[in-house]
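In terms of our numbering, the sequence shown opens at residue 5 and continues consecutively. Working notes, structure below.
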Amino acid sequence: MIELPVDSKISIADLVRDPYPIYKDLRASAPVIKLEAVDRVLLTKAADTKWVKDNPEIFSSDDPNTPMRRAFLAHTLMRKDGDAHMRERMAMAPAYSAKNITGHWMPMYETIADAFVAGLPAGETVDLYTALAGPFAARCLAQLLGLPEAGDDDMQRWSQTLIDGAGNFGWDPALFEHSDLANAQVDAYMDKVIPLHTRLIPIPVFCVRWSRLMTRSR
Ligand code: HEM
5 MIELPVDSKI SIADLVRDPY PIYKDLRASA PVIKLEAVDR VLLTKAADTK WVKDNPEIFS
65 SDDPNTPMRR AFLAHTLMRK DGDAHMRERM AMAPAYSAKN ITGHWMPMYE TIADAFVAGL
125 PAGETVDLYT ALAGPFAARC LAQLLGLPEA GDDDMQRWSQ TLIDGAGNFG WDPALFEHSD
185 LANAQVDAYM DKVIPLHTRL IPIPVFCVRW SRLMTRSR
C-alpha cells in the first residue's frame, strides 16, 4: 500500500476562493495528495488525471461517495463506467456527429457570438465574464440541450447551481437546497417543452432522446 502525503491545512473555503495557486503549489510539491478537508485524493497533473480516466477498472467513476447523485437527484453517466456509460453517451452522440458540428452547431454558435459581440458597449471598460462569456455559454447550452426559450439568466443559474452541488464535497445542506430547487425548475421546464420538441423541432438536440432514456434508467 502506497502512503500518500496528507494535507490538513487547505480548507474548502480556500479552494472556493481561488484554487489555482493551490493547484500550482501542489503540482510542484505533492501532485498526488490526500486533502483532509474534502476527504479525497487530489490529482493536479494532467497526465495523472488522464491515466486515472483511462483506467476505469482501477478507478471506477461509479463512486457513491461523491455528491453528484445527491445534487442531480439521479445516477448520471458521469458516474457510470463501461456499458452503462456508453448506452447514455450513444443516445446523445448523433447530436455531436462531425456533420452536425460543422453543419449545424458551428454556424449557430458563430451567429450567437456575433450578436453578443455586436451588443457590447463601445468606448467603456467591460467585464467580459458577465457581459460575454456567461450569457454566450448559456445561449449555446440552451440551444444544444434543446431548450431555446430558456433565458440566459436561468441557464446560468441552473448550470452553476448544479455544478456547485456536484462539487459539494463539504456536503453543505444549503448547496443541496439550491440544487433541489434548480432540479425542480429544470424538470418543470423540460416537462413543458419536450412534448413540443417531438412534434415541432427537427434539429439534432439531444435532450429528447436523452431525457427519454434517463427517465427509463433512473
Ligand atoms: C447544465 C448543463 C451541464 C451541467 C450542470 C454540467 C455539469 C458537469 C459537472 C458537475 C461535471 C464534473 C463531473 C465530475 O465531477 O466528475 C461535468 C463534466 C463534464 N461535462 Fe458537463 N454539464 C453540463 C452540460 C454539458 C454538456 C452539454 C456537455 C457536452 C456537450 C458536457 C460535457 C462534459 C464533459 C466532457 C465533462 C468531463 C467529464 C469527465 O471528466 O468525466 N457537459 N459537467
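Think of the CB as a built atom: it goes at the ideal place given N, C-alpha and C, for glycine as much as any other residue.
As a beta-bridge residue in DSSP terms, Lys-38 pairs with Val-10 and Val-45. With contacts defined by Cβ atoms closer than 8 angstroms, Phe-76 and Leu-166 form a contacting pair. Ala-99 and Ile-37 have their C-alpha atoms some 38 angstroms from each other. Buried is the label assigned to Gly-150, since at least 16 other Cβ atoms lie within 10 Å of its Cβ. In this structure, the beta-carbon distance from Pro-9 to Ala-34 falls below 8 angstroms. Inter-residue distance for Tyr-24 and Leu-200 is about 43 angstroms (C-alpha atoms, whole angstroms). Distance between Ala-170 and Thr-134, taken at the CA atoms: about 23 angstroms.
About 6 angstroms separates the Cβ atoms of Asp-156 and Arg-143, confirming a contact at the 8 angstroms cut-off.
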